[in-house]
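In UniProt numbering, the protein residues as written are 1 to 629.
Glycine residues also receive a C-beta, built at the ideal position from the N, C-alpha and C atoms.
Data first, discussion second: the structure below is written as structure tokens.
Below, the structure written as structure tokens:
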């Protein structure tokens, strides 16, 4: 060993009788490699710098294996400049050197630089392609990953398990079922055996792409399954709205974890089975499984849909106690809380959560803007939007939908037009059908029906065909203001766009009834009967002492039905006395007087709330949610 190398080596040796001069170069290389591996294991960048400093005094910095490990060490410790320096100092680079440096760029998120570096590698191999594909999918560039995979096939490079995993993830994100099937076929043809991880990823990918039968086929052929395999199958069935099969797979699981529970709970919640989701959550808690933020977000969403604010408050308290001070108590959960309070009509609590957030993202701002708008607080919604813009947060199409809704509730037609223009010219966001519908609603509320009709005609002439939302908004405005001319035009268009929607026919019938056109009312009702169309009944939902009560027109299933209807009859008598004839006709249509009184008494979806309050002494006015189809 040279004297310089011996001196550098001696600084790292424990006290020993062996002289450093007796250590061979091979021993020195092995020693420094072991030291670098220890630094990698502990991510000790400081010791890594010391090792590198000692190595620069010797020729070992030109040893390819040592230099490659140094590059990897700096990369994994987040020091890209040092990694570049170690790479540039290496005179004789091999394929591993280039791949290690490529991985350093990818790990640092410098994808543009990584792409240029990748193109300059003359000896690109499977590791090079896998590194780039994995990085692209990790950062959400799924289309680029598929393009790179196609280039890899042209270069006649045979894929391995890492390629399959990366491309499966890309296909799932893009819902590229055809590409996924081609990948699967290539795996079979190449003779590459699917291991546990590959099978799990492909099961999940097929499920997200909508081919749950292919997921099931893969699942059945697996020689060994783990909890991820079962959970992927549960998620696949739930995504396909096949909840009974998802529940059956879940029940058959030999082992469950919180991810499995969350997959089933979110599946029920996303498919409109909020009550079942809440029951599953209660069962999960009873079995001692601690929920994750993802679980809580699904349950908060279920509470929001059902208007269960008391349950939502309990979850708020649990979330605060469980996750406060941890990384899990983040913007993700807080956004769900804002949305829950807003949908339950409690904007005071929604604003409190929003104002106390340590950091906010676009979803936070959108939730509070839309929350104020949905609850009729148009001015507050617009004020928050101004704060958002001043904070430098760039709005998206969801933001502007909330803003336009706020303009509608506040009766600011000119401001709504300005906002629609702003989203196009200032932010380059192309308005969608729902944006146009919100603006039509705004004009309708201001009795500007002629302007609304002209706007719809401009959409049609410009190639943007008016949608159900725009015509529906116009028809609703015609009902409020009694405009028969535009009502007929809107209804005719709606019947063509959505011929099986009975609610549109019912609305037109009510418009005719309000105008006293009983022959037209009978004609529309007869048309509905011929087409076998019905309007889905609206319902009211309220929460009393954490118990949910739902009421539908003509509903007599409640255990306090007799008491409710007795109080309701008294209430209806007062309502009839208070109504003038025009309002009376508009609400009851063409029915006879006896039928009218009977129908009003059976309309429990509008009148059950005061009855419940009186039937339960000491109960404060409950939170209510009303849905009208």
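Classify residue i as buried or exposed, calling it buried when 16 or more other Cβ atoms lie within 10 Å of its own Cβ.
i, result
"residue 430", "exposed"
"residue 244", "exposed"
"residue 395", "buried"
"residue 212", "buried"
"residue 457", "exposed"
"residue 402", "buried"
"residue 559", "exposed"
"residue 600", "Any reading at residue 600 must be qualified, since the residue scores a pLDDT of 46, below 50, and its modelled position is unreliable; the value itself is stated next. Under this definition residue 600 is a buried residue."
"residue 158", "exposed"
"residue 166", "buried"
"residue 423", "buried"
"residue 355", "exposed"
"residue 437", "buried"
"residue 175", "exposed"
"residue 153", "exposed"
"residue 34", "exposed"
"residue 526", "exposed"
"residue 137", "buried"
"residue 371", "buried"
"residue 521", "buried"
"residue 30", "exposed"
"residue 574", "exposed"
"residue 68", "buried"
"residue 117", "buried"
"residue 414", "exposed"
"residue 89", "exposed"
"residue 338", "buried"
"residue 26", "exposed"
What is the residue span of the alpha helix (DSSP H) that residue i lies within?
i, result
"residue 440", "433-445"
"residue 198", "196-208"
"residue 387", "378-390"
"residue 504", "502-514"
"residue 115", "111-120"
"residue 99", "95-107"
"residue 66", "64-76"
"residue 414", "413-425"
"residue 298", "293-306"
"residue 343", "331-343"
"residue 314", "309-323"
"residue 498", "Counting along the chain, residue 498 falls outside any alpha helix (DSSP H), and DSSP gives it neither H nor E."
"residue 467", "Careful: residue 467 lies outside any alpha helix (DSSP H) and carries neither H nor E."
"residue 166", "161-174"
"residue 49", "45-56"
"residue 130", "126-138"
"residue 402", "397-410"
"residue 88", "80-89"
"residue 189", "177-190"
Is the Cβ-Cβ distance between residue i and residue j less than 8 Å?
i, j, result
"residue 294", "residue 262", "yes"
"residue 443", "residue 420", "no"
"residue 312", "residue 340", "yes"
"residue 207", "residue 239", "yes"
"residue 505", "residue 533", "yes"
"residue 348", "residue 334", "no"
"residue 381", "residue 369", "yes"
"residue 203", "residue 233", "yes"
"residue 241", "residue 271", "yes"
"residue 416", "residue 439", "yes"
"residue 642", "residue 309", "Outside the displayed range of the chain (1 to 629) lies residue 642, so it cannot be described from this structure."
"residue 517", "residue 487", "no"
"residue 60", "residue 86", "no"
"residue 139", "residue 170", "no"
Tell me, to the nearest whole angstrom, how far the beta carbon of residue i is from that of residue j; I am working on the premise that it is less than 8 Å.
i, j, result
"residue 393", "residue 362", "6 Å"
"residue 277", "residue 302", "5 Å"
"residue 106", "residue 135", "4 Å"
"residue 477", "residue 449", "6 Å"
"residue 366", "residue 331", "Actually they do not touch by this definition, with Cβ atoms about 12 Å apart."
"residue 39", "residue 48", "4 Å"
"residue 379", "residue 410", "6 Å"
"residue 98", "residue 71", "Between residue 71 and residue 98 the Cβ distance is about 10 Å, and since that is not below 8 Å, they are no contact."
"residue 172", "residue 209", "6 Å"
"residue 482", "residue 514", "6 Å"
Is residue i close to chain C? Criterion is C-beta to C-beta, closer than 8 Å.
i, result
"residue 351", "The structure shown has no chain C; it contains just one protein chain."
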